[in-house]
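Presented below is the structure to which this report refers.
In our numbering, the protein residues as written are 3 to 309.
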């Protein structure tokens, strides 16, 4: 006789019951979960009134979207003896626990852009941070002066966008400070196409180091080799993939036998494809290189990149 299949609530073998209540299988990198506005503790749309045919908040029965909550949660009172020793050690947060979305404190920038050999004994992470600090500080000074000597297109591109650039590049500086890897692309491609023919499988292309490509962009900007800096940016974004998207072609087969499908799967995804945060700071870093070209152009126009 065949053994009966266990029910979902039958313990560890029951799947959902074993994972525990509230377990999240996939955490979104684009949207923050459990974030409620207006002191609400439920989302708009959690309540439906069949009489008025309207949606609202289940926590307070308010139907107007965006209205403050009429039944907010009471704030927790502070303990009476907060000054006494509770026996729990309170320490400052470690750099490993610092959130990447925190704004970076740029402070007073260095007076001038130095060579890679003069900063951090040639370490790429130290020079990238130095390059960002110098260019952001110069951007701030040029904006206060009204961008003198800038063309109309360049002035329109940089006016009022420094804050967005600083916000986008802050996660890069936090990751460099923590010393974590910047490579977030696919490490191993074990997928197979629907056909057994290997010519239809996407290739695994090893991604070049993100840290090294950013370092080459910064070094190229210092040496006024802006075309080479843009080549490093192309390696960051597109990489060495020979086929970026999956292509499917349907070709007519023999008479009365329908069509045959030919498939060419995409190659492996790099960090730019996989991580939206990395994509934003790469865009911001390229804009800093473009600004550097505006204030430090090369006399040889063949080495300047036309944006």
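Glycine included, C-beta positions come from ideal geometry on N, C-alpha and C. Keep in mind the model is a prediction, meaning the values are calculated, not measured.
Exercise. Just the Cα atoms here: how many angstroms apart are residue 163 and residue 142?
Worked result: 10 angstroms
Exercise. How many Å lie between residue 117 and residue 37 at the Cα?
Worked result: 45 angstroms
For this session: Just the C-alpha distance for residue 40 and residue 304, rounded to the nearest angstrom, thanks.
Result: 56 angstroms
Problem set entry | Same chain, Cβ closer than 8 angstroms to residue 198, five either side skipped, listed in chain order | Any reading at residue 198 is ruled out, since the residue's pLDDT is 48, under 50, leaving its predicted position unreliable.
Exercise. So, is residue 358 buried or exposed, given that buried needs 16 or more other C-beta atoms within 10 angstroms?
Worked result: Given a span of 3 to 309 for the chain in the structure shown, any question on residue 358 remains unanswerable.
Exercise. How many Å lie between residue 62 and residue 279 at the Cα?
Worked result: 36 angstroms
Exercise. Which whole-angstrom value describes the C-beta separation of residue 294 and residue 223, a residue pair presumed to lie in contact below a C-beta threshold of 8 angstroms?
Worked result: 4 angstroms
Exercise. Considering only C-alpha positions, which residue in the set 289, 150, 139, 299 is nearest to residue 2?
Worked result: This structure does not reach residue 2, given that the chain is present from 3 up to 309, and the question cannot be answered.
Problem set entry | Buried or exposed by the 16-neighbour rule on C-beta atoms within 10 Å, applied to residue 240 | exposed
Problem set entry | Sufficient close CB pairs (3 or more, under 8 angstroms) joining the stretch 149-156 to the stretch 109-129 | no
Exercise. Would you report the Cα separation of residue 115 and residue 221, rounded to the nearest angstrom?
Worked result: 11 angstroms
Exercise. Using the beta-carbon count (16 or more within 10 Å), is residue 50 buried or exposed?
Worked result: exposed
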